[in-house]
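Counting in the working numbering, the sequence shown runs from 12 upward without gaps.
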Amino acid sequence: MNSVAPSTDFTIQSLLLNADPVVQAVMAALALASLACWAVILEKAVIFRRLRREAKALVALAAASSVVEPEGAGMAGDVLRAGLPEWREGRDTGETAGEFRDRLERAMRGAVTATLR
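Here you go:
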């Protein structure tokens, strides 16, 4: 009897090249989706790094002066501009400190969300 030994080449390249066209298409789609996800992750990392830098500059400005006015077109300035009207309005008569903080957070979180989109 003449028996042929099965191929034992289990490299990724060999598996992909010998796979059915459907499997190859699915693997290609998964690779593209992975690249898209990593692109989004890197973009958000750059945005968060810039936001962290702007926030540090804003904290330094606030520590150096008693009046904080949002200047510039950065994300930190956008967030501060969103919360400043709520801060200046102050607490309503029946509003607790927690509710006031929630109102400020909601306004500022909306600016962050709009900036990150």
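Quick reminder that beta carbons are idealized off the backbone N, C-alpha and C, glycines included. For clarity, every value in this text was computed on a predicted model and none was experimentally measured.
What would DSSP say about residue i, mapped onto helix, strand or coil?
i, result
"Gly109", "helix"
"Phe21", "coil"
"Thr124", "helix"
"Gly85", "coil"
"Ala50", "helix"
"Gly101", "coil"
"Ala118", "helix"
"Ala30", "coil"
Please return the same chain residues whose Cβ sits closer than 7 angstroms to the Cβ of residue i, not counting the five positions on each side in sequence.
i, result
"Thr126", "Met86 and Asp89"
"Met119", "Val90, Ala93 and Gly94"
"Val123", "Val90"
Residue i: buried (16+ other C-beta within 10 angstroms of its C-beta) or exposed?
i, result
"Ala93", "buried"
"Leu69", "buried"
Taking 8 angstroms as the limit between beta carbons, can you name the residues of its chain near residue i, skipping five residues before and five after?
i, result
"Leu115", "Gly94, Glu97 and Trp98"
"Leu53", "none"
Going by beta carbon distance, what residues of the same chain come within less than 6 angstroms of residue i, once the five residues before and after it are set aside?
i, result
"Arg102", "Phe111"
"Leu62", "Met86"
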